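Student: In my numbering, the protein residues as written are 278 to 419.
#1: Check for me: the beta strand (DSSP E) holding residue 330 runs from which residue to which?
#2: Under 8 Å between the Cβ atoms of residue 308 and residue 406?
#3: Could you work out which residue in 404, 398 and 324 is closest to residue 339 when comparing CA atoms only?
#4: Mapping the DSSP letters down to three states, classify residue 326 as helix, strand or coil.
#5: Out of 302, 377, 357 and 354, which has the shortest C-alpha to C-alpha gap to residue 331?
#6: Might you give, ordered along the chain, the residues of its own chain that have their beta carbon closer than 7 Å to the beta carbon of residue 359, omitting 5 neighbours on each side?
#7: Can residue 355 and residue 313 be called in contact, C-beta distance under 8 Å?
#8: Exposed or buried, what is residue 334 when buried is set at 16 or more other beta-carbons lying within 10 Å of its beta-carbon?
#9: Give me the residue from 373, 328, 327 and 329 with the minimum Cα distance to residue 348.
#10: Have a look at 329, 315 and 368 and flag the residue whose alpha-carbon is nearest the alpha-carbon of residue 344.
#11: From residue 383 to residue 329, what distance separates their C-alpha atoms?
#12: With residue 357 as the anchor, note down where its alpha helix (DSSP H) starts and where it stops.
#13: If I measure Cβ to Cβ from residue 346 and keep anything under 6 Å in the same chain, skipping five residues before and after, which residues do I get?
#14: Taking only three categories from DSSP, how would you classify residue 413?
#15: Applying the 10 Å Cβ sphere with the 16-neighbour rule, what's the burial state of residue 352?
Below, the structure written as structure tokens:
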């Protein structure tokens, strides 16, 4: 398949012709769960965690909301096979993986067990998704 950029109606027609791989559907499900998890963190008393720091209050709520919106944007872009989603999605997933890894090792396991689970799930899902998305670059043409 060619790596040239296709625009306009040709792009829409070609996107409809390409069959989304089953693995990408699984990735979309994982990304949607992750984005909804960020949006659920906007509830009061649930801190956001960024590189090992727990952030409470309005700032934590705002960061969780922004992360959830970014996650939904990337997920929608992957669903539509948009090249911009591939370009922005990889750094986003890398951020999620690094954030999960750092948070996993910084939080004490006894006091913040729910955040340990969130950090571990973020780490466990981000790395395989990054590897899979990188291998399917040819699907993201528009």
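Where a beta carbon is used, it is the ideal one built from N, C-alpha and C, also for glycine.
All values reported here derive from a predicted model rather than from experimental measurement.
Tutor: On the basis of the supplied data:
#1: That run of the beta strand (DSSP E) goes 330-332.
#2: Against a cut-off of 8 Å, the Cβ pair of residue 406 and residue 308 comes out as a contact.
#3: When C-alpha distances from residue 339 are compared across 404, 398 and 324, the shortest belongs to 324.
#4: Residue 326: strand per DSSP, three-state reduction.
#5: Cα-wise, what sits closest to residue 331 is 377.
#6: Excluding its 5 nearest sequence neighbours in each direction, residue 359 has C-beta neighbours in its own chain below 7 Å: 417 and 419, listed in chain order.
#7: Not in contact: residue 355 and residue 313 (Cβ atoms no closer than 8 Å).
#8: When all chains shown are included, residue 334 counts as exposed.
#9: A check of alpha carbon separations from residue 348 across 373, 328, 327 and 329 identifies 373 as the nearest.
#10: Selected option, being the one with the closest Cα: 315.
#11: Between residue 383 and residue 329, the C-alpha separation is close to 6 Å.
#12: No alpha helix (DSSP H) holds residue 357; DSSP gives it neither H nor E.
#13: If we look at residue 346 and ignore the five residues flanking it on each side, it has no Cβ neighbours.
#14: Assigned with DSSP and collapsed to three states, residue 413 falls in coil, not helix or strand.
#15: Flag for residue 352 reads buried.
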